[in-house]
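In what follows, a single structure is set out as structure tokens and then discussed.
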Amino acid sequence: MVRVITIMDDVYVELNRLKKAKGMSFSEVIRFLLHEKQENERQLKVFAGTISNEDLDKRMIMKMTGKVF
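Under the working numbering, think of the first position of the sequence shown as 8, with each following residue one higher.
Here it is, written out as structure tokens:
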């Protein structure tokens, strides 16, 4: 099935650039980007909760004061 969509010119330029660089169709580029986004979200979820609140507090203090603990 084929669908017609409307996109802004700058989005078209980026999609076309990726299309040419990867040798894909527009549909393949869009599918690739969607899957890449989902994979990135999955990878981020692996790290969720791995940094303790104490470490976060130390990092914030270091950022604000420049002091190292």
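By construction, the Cβ of each residue, glycine as well, lies at the ideal position given by its N, Cα and C atoms. Note that this is a predicted model, so its numbers are computed, not measured.
Leaving aside the five residues that flank residue 22 on each side, the residues in its chain whose CB is nearer than 8 Å to its CB run, in chain order, 14, 33, 36, 37. Assigned with DSSP and collapsed to three states, residue 34 falls in helix.
Taken through DSSP and simplified to helix, strand or coil, residue 20 comes out as helix. Residue state for residue 66 is assigned as helix, using DSSP reduced to three classes.
In the three-state DSSP reduction, residue 57 falls in the coil class, being neither helix nor strand.
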